[in-house]
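Residue numbers (the numbering used here): 53 to 542.
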Ligand SMILES: [Fe+2]
Ligand SMILES: [Fe+2]
């Protein structure tokens, strides 16, 4: 059920991703709608490379890949670009495409989990090593991934359901690639980056997806992304011999033969592969950003990145459409009404956008389960704030609110999760987020039920006021909602 409500209109802001060319600095402005940000000022901004490299861990988690997958693929892809003699502008486009290549990965997770009847984080990495051209190999991998842990009949039902959907792989990939390309475009990255992400899974022999492009029809940057990500997965999970065998096997089928020969030439370069496997990978990746095209992101740009990742989080489950954006809006409004200084309002909104980023590490099978969770599933679900903390504290510009964002399920009386901390450790931001999170979850529509009426939702908050939930935050939100300062629910 939706309520029209009144809404404080968010202004349109200019997001500036500055490109430094030569000695001077040129500016590229992208106008995007974003949450009001009084802290937007004249600060020179931070390098986008560091922010995106650190956030790429969230994309790895969504793909079920070992953390650092995107950064390792970035190292491989950038070496390939350099050896091919790409110009600085193309290298810059390639660099961001490598870091953001999986930005659309959350958008097909729920469907995959539902069709396979298994955990998406188990299916996705398995499907990443399968040679789709080999129908037998594909059938075996599909069977192994269907209805895991279920009865034989259930497994067969899922397997046959998949087999009957002629264009399933293409559809799943199309969703993912379109969504990823869209996010890169919204963040103001060049068309070369956008196209590379869109065509990431095209294969040299025309058997790839979503369009079945062949050979040189596939953008060169997309061909680099494809071989870089596949080589990375094999190197990390199966070792050098399997990587070499895979490259020989797929040369001229999956991969551009010229690119394959270059990567095969590095097989004995232990220094390079040592760097790829290094724990210091993030600093290597940051140092690879083409110097003449370093992109800086200012305060408004950080809001845009936070919003893009909020959309990635919300796309992970079919139940959480706009949850993160709404929590950010409610929590920010509470802080503003309490007279908090503008910088803390901005911080709270960003914390709201990213509070559930750890959910990308939770199986969509659990996130989308309509019935009650069993003990094991509940324990897995309750780990998501730990993942939120882990991801955000590694992003220097977001580390200031990492812990506060991760505390959104904690309660004043210590009965929350996952740490069970009490009032002493919960500041205003954490308290506002906790209230906003519950209110949004109660009032938002879900595919299987309408949102709860506002009065009842406020009644539930009221019943926990002062014991589990902060009284000031509850009263403030109730006041804002009833006065129409924020939407009742969307
Ligand atoms: Fe949460
Ligand atoms: Fe939440």
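Just so you know, even glycine gets a beta-carbon here, dropped at the ideal spot from N, CA and C.
Is any heavy atom of ligand 2 found at a distance shorter than 7 Å from the C-beta of residue 219? For the purposes of this step, residue 219 is identified with residue 167 of the chain shown, where counting begins at 1. Checking every heavy atom of ligand 2 against the Cβ of residue 219, none is found closer than 7 Å.
Should residue 437 be labelled buried (16 or more other beta-carbon atoms within 10 Å of its own) or exposed? Translated into positions along the chain shown, residue 437 becomes position 385. Looking at its Cβ environment, which holds 16 or more other Cβ atoms inside 10 Å, residue 437 is buried.
For residue 64, which of helix, strand or coil comes out of DSSP? Translated into positions along the chain shown, residue 64 becomes position 12. Because the pLDDT of residue 64 is 32, which lies under 50, any placement of that residue in the model is unreliable, and the question is left without a value.
Coarse secondary structure for residue 371, derived from DSSP in three states: Here the question's residue 371 lines up with position 319 in the chain shown. Residue 371 falls in the coil class under three-state DSSP.
Roughly how many angstroms lie between the CA atoms of residue 243 and residue 237, to the nearest whole one? For this step, residue 243 is matched to residue 191 along the chain shown. For this step, residue 237 is matched to residue 185 along the chain shown. Their backbone Cα atoms lie some 7 Å apart in a straight line.
Between 283, 450 and 451, which lies nearest to residue 181 when the distance is taken from Cα to Cα? Here residue 181 refers to the residue found at position 129 when the chain shown is read from its first residue. Shortest Cα-Cα distance from residue 181 to any of 283, 450 and 451 involves 283.
Could you have a look at residue 521 and say whether DSSP puts it in helix, strand or coil? As a first step, residue 521 must be located in the chain shown, where it is residue number 469. If DSSP states are grouped into helix, strand and coil, residue 521 belongs with the strands.
Leaving out five residues on either side along the sequence, give the residues of the same chain with a beta carbon under 7 Å from the beta carbon of residue 410. Position 358 of the chain shown, counted from the start, is the residue given in the question as residue 410. 436, 437, 438, 439, 440 and 443, listed in sequence order.
Using a 10 Å radius around the Cβ and a threshold of 16 neighbouring Cβ atoms, would you call residue 529 buried or exposed? If you number the chain shown from 1, residue 529 lands on position 477. Burial call: buried.
What separation, rounded to the nearest whole angstrom, lies between the Cα atoms of residue 87 and residue 376? Position 35 of the chain shown, counted from the first residue, corresponds to residue 87. Position 324 of the chain shown, counted from the first residue, corresponds to residue 376. In this prediction, residue 87 has a pLDDT of 29, which is less than 50 and means its spatial position is unreliable; what the coordinates show is noted afterwards. Using only the alpha carbons, I get a separation of about 13 Å.
Going by beta carbon distance, what residues of the same chain come within less than 7 Å of residue 534, once the five residues before and after it are set aside? To locate residue 534, count along the chain shown from 1; it is residue 482. None.
What do you get for residue 500, buried or exposed, if any count of 16 or more other CB atoms within 10 angstroms of its CB means buried? The residue given as residue 500 occupies position 448 in the chain shown. With fewer than 16 other Cβ atoms within 10 Å, it is exposed.
Paired residues, beta bridge with residue 99 - DSSP: Taking the chain shown and counting its residues from 1, the one referred to as residue 99 is at position 47. 348, per the DSSP bridge assignment.
Of the residues 454, 303 and 112, which one's Cα is nearest the Cα of residue 177? Here residue 177 is taken as the residue at index 125 of the chain shown, counted from 1. Ranking the options by Cα distance to residue 177, first place goes to 112.
Which class does residue 450 belong to by DSSP, given the choice of helix, strand or coil? If you number the chain shown from 1, residue 450 lands on position 398. In this structure, DSSP gives residue 450 a helical state, which the three-state scheme calls helix.
CB contact flag (residue 249, residue 267, <8 Å): Locating residue 249 in the chain shown gives position 197, where the first residue counts as 1. Locating residue 267 in the chain shown gives position 215, where the first residue counts as 1. Not a contact, by the Cβ cut-off of 8 Å.
Can you have a look at residue 420 and say buried or exposed, based on whether 16 or more other CB atoms are within 10 angstroms of its CB? Locating residue 420 in the chain shown gives position 368, counting from the first residue. By the 10 Å Cβ count, residue 420 comes out buried.
Please report the straight-line C-alpha distance between residue 307 and residue 285, rounded to a whole angstrom. Walking along the chain shown from the start, residue 307 turns up at place 255. Walking along the chain shown from the start, residue 285 turns up at place 233. Cα to Cα, the separation comes out at about 15 Å.
Determine, using beta carbons only, whether residue 425 and residue 418 come nearer to each other than 8 Å. Position 373 of the chain shown, counting from 1, holds the residue named residue 425. Position 366 of the chain shown, counting from 1, holds the residue named residue 418. Yes. Within cutoff.
Roughly how many angstroms lie between the CA atoms of residue 400 and residue 481, to the nearest whole one? Numbered from 1 along the chain shown, position 348 holds the residue referred to as residue 400. Numbered from 1 along the chain shown, position 429 holds the residue referred to as residue 481. Their backbone Cα atoms lie some 6 Å apart in a straight line.
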